[in-house]
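Remarks on the structure that follows.
In my numbering, the protein residues as written are 9 to 238.
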């Protein structure tokens, strides 16, 4: 099961690295009634649950002209909110493109939230434990790949079972330094050895050790939660 999860994480990172050399459209999160970009995708964790995954696939298969673009490899935009230090999912939007009428009003965004969560107004994300990365301030350098554009500041929030347990805003350079330090601690752990070994087994034919190490660094969901120090 763990090998499968590592494979999916690394596959998504490889797609982002190699194929999607375009900036990815982020999810969004509302904090104190202000909406921010979210450079983390918690719905990925929800999709690991078989019941939700099957329902999601059923809903997607029922949407005519459902579209995945190079600017949104995951195929959806999720909208979150933090209320009373709890993380909620408020909406999931997918895009449709009519192949017969590309660029015309027939192309539209569709909410799949009600079909995915029935009558729940907001879904409490007790499934999620991880780090939320929220860029704030001005964009200081645009990089048209993944979530690589640089912002003045980053609000980092640690979530455990859907509840905020730590949060702090960092300047860009400070955040990158803290992330690098977290990766160094991760590389000294047994977890890194296991992750690297499993990933190497999966990618041995198509990727070098140096490239794989770089992908593990970019796959920050593997280590930030355990090794990032606020």
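Cβ coordinates follow ideal geometry from the N, Cα and C atoms, glycine included.
Minimum length 4: unbroken alpha helix (DSSP H) runs contained in the segment 147-227: 180-195, 198-211, 217-226
Rounded separation between residue 63 and residue 69 - CA only: 10 Å
Beta-bridge partners of residue 140, as assigned by DSSP: 165
Identified DSSP bridge partners for residue 61: Bridge partners of residue 61: none, in fact.
Three-way DSSP call (helix, strand, coil) for residue 102 in this model: strand
Collapsed DSSP secondary structure at residue 235 in the structure displayed: helix
Extent of the continuous beta strand (DSSP E) to which residue 91 belongs: 85-91
Straight-line Cα distance separating residue 122 from residue 175: 31 Å
Neighbourhood of residue 67 by C-beta distance below 7 Å, restricted to the same chain and skipping five residues each side: 120, 123, 124
Beta-carbon spacing of residue 74, residue 104 below 7 Å: yes
Cβ-Cβ separation, residue 136 to residue 50 (assumed contact under 8 Å), whole Å: 5 Å
Buried or exposed (CB count within 10 angstroms, at least 16 for buried), residue 196: exposed
Cβ-based burial, residue 170 [other Cβ within 10 Å; buried from 16]: buried
Euclidean distance between Cα positions of residue 204 and residue 87: 32 Å
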